[in-house]
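Shown next, in structure tokens, is the structure this report addresses.
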Amino acid sequence: MVLVDIHCHILPGIDDGSKDWDTSIKLAKAAVKDGVTHAICTPHTLNGRYTNHKDDIIWLTDLYQKKLDEAKVPLTVFPGQEVRLSGDLIDALDQDDILFCDEDGTYMLLEFPSDDVPTYAQDTIFKVMQRGITPIIVHPERNKKILEEPTVLQELIEQGCLVQITASSYMGTFGKKIEEISRKFIEAGQCACFASDAHDLPKRQYQYSEALKKLSKEFGSDLAQQYQDNARAFVNGDNVQLDWRPLGKKKKFWLF
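Structure follows, in structure tokens:
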């Protein structure tokens, strides 16, 4: 079975994920134990703290693969980035300094600041999509603005974005509120796949397979398989579409 993790922070020493090679090997073993066979290594970039350049990530990922092979860890890794929405994004694209989920540059992981969806988000996304790039919004369920106003995500989906939810969010690791909004997005068809978003940090462990089992139990095995197929499609640059609907509105009860 092929299980692709499109979002994890397991390259050593370049962001808030793995701190060294020993940790990177440990995280790879944890991924394999969780059933992951292929992973896109996605260090942060353009987020104000980390700017990881394309060529550096490619070099480091190649070295990581060699170390994994030497350690006989059966994990295939690809270079990628978790790209923060910022005023520098379009320039970075112009300078060919952005990595995608696939070699053809079809899908790009896009992260918002943790507490907001900036007012210029839709304009920047429009410019990105004009280049034939589809943004995959990562972990929107943990964004403060979207938690307060879940329909903000719908506006981005209407624009053509896809969505990835963190497996641990759905498992309740970040609390009931985030678990519940994750479930609502899933129920409305507003999510394309899970990913681990693994770090060497508390609450950032692999729960990918566990989340898929829960998804299968709550929403059916077909949807769980679709999530796995979509993750694989992102790496291959194949077509992925959401069959989604607006979130249901709460009923109002009036007393007379």
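Numbering (the numbering used here), first residue to last: 7 to 262.
In this text, a Cβ means the ideal position worked out from N, Cα and C, and glycines have one as well.
- Shortest Cα-Cα distance from K32 to any of L74, G54 and M7 involves L74.
- Q196: not part of any alpha helix (DSSP H); DSSP gives it neither H nor E.
- Contact fails between the stretch 211 to 220 and the stretch 240 to 256, because fewer than three Cβ pairs, one in each stretch, are under 8 Å apart.
- In the DSSP annotation of this structure, the continuous segment of the beta strand (DSSP E) that includes I143 starts and ends at T140 to V144.
- Per the coordinates, the alpha-carbon of K78 lies some 11 Å from the alpha-carbon of A34.
- When the alpha-carbon of P85 is set against those of A36, V123 and L17, the nearest one is in L17.
- Spatial neighbours of N149 in its own chain (CB-CB distance under 7 Å, excluding positions within 5 residues in sequence) are listed in chain order as F118, S120 and V123.
- Sequence-distant partners of Q71 (beyond 5 residues in either direction) whose C-beta falls short of 7 Å from its own C-beta, in its chain, are V83.
- A204 carries a strand assignment under DSSP once its states are collapsed to helix, strand and coil.
- Annotation: Q165 to M135 spans about 9 Å, alpha carbon to alpha carbon.
- Pairing E216 with D40 gives a Cβ-Cβ distance under 9 Å.
- Its chain contains H145, E147, R148, I184, E185 and S188 as the residues whose beta carbon lies nearer than 7 Å to that of S175, once the 5 sequence neighbours on both sides are disregarded; these appear in chain order.
- Remark: C-beta atoms of Q232 and I12 do not approach each other more closely than 9 Å.
- Residue state for Y70 is assigned as helix, using DSSP reduced to three classes.
- A direct Cα-to-Cα measurement between A173 and R238 gives close to 16 Å.
- Distance from the Cα of G93 is smallest, within the candidate group T125, L253 and L105, for T125.
- Take the alpha-carbon of T130 and the one of I96: they are about 8 Å apart.
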